[in-house]
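Here the structure comes first, spelled out in structure tokens, and everything after it is commentary.
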Amino acid sequence: MVTTLPSKSMDDIVALCKRRGFIFPASEIYGGLNGFWDYGPLGIELKNNLRDAWWRDMVTCPPLGPDGPLSIVGVDTSIIQNPRVWEASGHVGGFNDPMVDDRETKARYRADQLTIFAIERTDTGERVGPCFASTADAIAASDEELIDPHKKAVASIIRKNDLESAGYRIARIENAIDDPAIRAETIAPGAKERGTLTEPRQFNLMFKTYVGAVQDEESVAFLRPETAQGIFLNFKNVVDTTRVKIPFGIAQIGKAFRNEVTPRNFIFRSREFEQMEMEWFCHPDDARTWYEFWCDARKQWWHSVGLSDEDLHLRSHDADELAHYAKEGAGTFDIEYRFPFTAPGFGELEGVAHRSNFDLGQHQTHARVKLEYFDAERNERYLPHVIEPAAGLSRGVLALLCEAYTPDPERPSKVYMKFHPRVAPIKAAIFPLVNKDGMPEIAERLYRELRTTHPVQLDVKQNIGKRYARMDEAGTPFCFTIDADTLADQTVTVRHRDTLQQERIGLDRVSGFLCEKMGSGI
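This is the structure:
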């Protein structure tokens, strides 16, 4: 008999994140601020573990390429740059989202994330009643999800027009938001009247600030919307001060800021987030080969830190989706993950883009500084092409949380977090079975030994079942229990988080056991 586990609920995942100290709303005691989040004690460890794994596997020990080890170096560039940088990169003029407002409810939406639909008779194709706007995905959402904000109104139209017997369909209308006639007939989510949505207008996503004591147009600056430009600005510095040769990469992890119209889905789309980006500089003739290499390598990497293959997906951007910097290149692939709020579809986790020589060319023109690379082996001077694997660290954390969340009604905790040991916030817990008979002292000695090499916790309070439950919700792979047998034969009980199996190993083997397990799955 096959047991079907309960489906994962985003509400349940968010609740666990707050209850166990993974993620909190920012400035919560003041009511919070939409699109901003704080990481708690477990959350910061999870995020740092993912960040450190990426840095090690991309910079310290990069993957092997077609011709052997790759050369990738790191930088850490300023969040605020000369504002001319963003003019050259295209962000000042082109980093916009189309936005619409609802005059009735005062809600604001990204125009490209509103789906407008109508009820049509199946026999004649005639529209019946008004159009409706929904925030459900136009492609992935079911009809039920699409009509959810308007269930009563849709049911009323079907009943009054006897459509159950006549037959009807829910028709999604493409490019409807740009059509004034359709907008005039559309009821927005939560609205009662037709025609309350405004015409789409462009909304620049960059946060504006000022540098210096005087706030005028001369002192305007921006918080960076991506970390990539800091890498391009330092291309010449890296070439001049290191021994790197084409092909090579420059990597960076850091915060970026986007004034999103509608931040949503927890930390998936927020206004302050972290990126893990690498720019791979190569000869133009080799760009497609490297593009394919990095698409494959990056998808494999996400699997290596615990995301299941069946929930990872590679999707090529259509021509109308391409960013301005990728239009002349081989294209862009998104590595997507099946989040609970996108299922059965997928949401972007990382993009791998062929940026051609757009960025270096733009900065060379605007800054009037030569950025061409002289290739001694080819005896050729050229602007390198760039392949960019750009991952969201915040989205990566969310993917790990969603993947790890495992309902199990048979456990006292009812759920456990199945993190890969490499990213688990706490690697092991040490429990004395009772707080007497010398067990606490042995547990303390073991804790002091392990804490020098791994993040571990010593927990002496409450019964052993409740301690196991706490560690299950924290995602701790192993629990070591000091009991009466430990006093007799110097062995401890090891409890495995995923299987609940227990085994006994020597007290002197615990450190080696943990080191061995940290390099692999459980």
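Numbering-wise (the working numbering), the sequence shown opens with residue 864 and increments by one. Ideal Cβ positions, reconstructed from N, Cα and C, are used throughout, including at glycine.
query: Identify which residue in HIS1359, PHE1204, GLU1312 has its Cα closest to the Cα of SER813.; result: The requested residue 813 is not part of the displayed model; the chain covers only 864 to 1385.
query: For TRP1143, write down the residues that DSSP places opposite it in a beta bridge.; result: GLY1112, ILE1250
query: Taking the alpha carbon of PRO1295 as the point to measure from, which residue in ALA1287, ALA1253, PHE1144, CYS1342 has its own alpha carbon closest?; result: CYS1342
query: What residue range is occupied by the uninterrupted alpha helix (DSSP H) comprising TYR1154?; result: 1150-1167
query: So, are the CB atoms of ASP1238 and HIS1146 less than 8 angstroms apart?; result: yes
query: By alpha-carbon positions, which one of SER1028, HIS1217, LEU1234, ALA1216 ends up nearest to LEU1223?; result: LEU1234
query: State buried or exposed for ALA981, treating a residue as buried only when at least 16 other CB atoms are found within 10 Å of its CB.; result: buried
query: Under 8 angstroms between the Cβ atoms of ASP1346 and THR1356?; result: yes
query: If contact is defined by three or more beta carbon pairs under 8 angstroms, each pair taking one atom from either stretch, is the stretch 934-951 in contact with the stretch 1093-1102?; result: yes
query: Within 8 angstroms, do at least three Cβ pairs link the stretch 945-953 to the stretch 1036-1052?; result: no
query: Residues in the same chain with beta-carbon distance under 8 angstroms from PRO932, minus the five sequence neighbours each way, listed in chain order, please.; result: PRO925
query: Could you pull out every unbroken alpha helix (DSSP H) segment of at least 4 residues lying fully inside the stretch 1005-1081, listed in chain order?; result: 1006-1010, 1014-1023, 1026-1029, 1043-1047
query: DSSP has THR1354 in a bridge; who is on the other side?; result: GLY1369
query: Is it right to say LEU1256 is buried, meaning 16 or more other beta carbons lie within 10 angstroms of its own, or is it exposed?; result: buried
query: Tell me where the alpha helix (DSSP H) around CYS994 begins and ends.; result: Per DSSP, CYS994 belongs to no alpha helix (DSSP H); it is in the beta strand (DSSP E), 990-997.
query: Grab me the residues of TRP917's own chain with a C-beta within less than 6 angstroms of its C-beta, minus the 5 sequence neighbours each way, in chain order.; result: MET1139
query: For CYS1342, which beta-bridge partners are listed by DSSP?; result: ALA1292, ARG1358
query: Less than 8 angstroms separating the beta-carbons of GLU1137 and LYS1118?; result: yes
query: Is the Cβ-Cβ distance between PRO1275 and MET1141 less than 8 angstroms?; result: no
query: Measuring alpha carbon to alpha carbon, tell me which residue in ASP1174, ARG1064, LEU1068, LEU1086 is nearest VAL1074.; result: LEU1086
query: Please state if the CB of GLU1123 and the CB of ARG1161 are separated by a distance shorter than 8 angstroms.; result: no
query: Across the stretch 1360-1378 and the stretch 1308-1318, are there enough close Cβ pairs to call them in contact, namely three or more that are closer than 8 angstroms?; result: yes
query: Would you give the residue range spanned by the beta strand (DSSP E) that ALA1337 belongs to?; result: No beta strand (DSSP E) contains ALA1337, which is instead part of the alpha helix (DSSP H) from 1327-1337.
query: Does the beta-carbon distance from THR1059 to ALA1051 come in below 8 angstroms?; result: yes
query: Pick out whichever of VAL1101, THR1105, THR1072 has its Cα sitting closest to the Cα of ASN945.; result: THR1072
query: Output the distance between the C-alpha atoms of ILE1116 and LEU913, rounded to the nearest integer angstrom.; result: 11 angstroms
query: Return the chain-ordered ranges of every alpha helix (DSSP H) run that is complete within the stretch 944-976 and spans a minimum of 4 residues.; result: 947-952, 954-957
query: Which of helix, strand or coil does DSSP assign to ALA1119?; result: strand
query: Let me know if PRO904 comes out buried or exposed under the rule of 16 or more other beta-carbons within 10 Å of its beta-carbon.; result: exposed
query: Can you find at least 3 beta carbon pairs, one from the stretch 990-1010 and one from the stretch 1095-1109, that sit closer than 8 angstroms?; result: no
query: Do you know offhand how far GLY1112's Cα is from GLU989's?; result: 57 angstroms
query: Going by the CB atoms, is the gap between PHE1131 and PHE1070 shorter than 8 angstroms?; result: no
query: Please report the Cβ distance between PHE1120 and ASP960, rounded to the nearest whole angstrom; I am assuming they are in contact, meaning their Cβ atoms lie under 8 angstroms.; result: Their Cβ separation, rounded to whole angstroms, is 14 angstroms, which puts PHE1120 and ASP960 out of contact at 8 angstroms.
query: Check each candidate in PHE958, GLY928, MET1302 and name the one with the smallest Cα separation from THR1354.; result: MET1302
query: TRP900 bridges to which residues according to DSSP?; result: PRO888
query: ILE1392 to TYR893, Cα distance in whole Å?; result: The question about residue 1392 has no answer here: the residues shown for the chain are numbered 864 through 1385.
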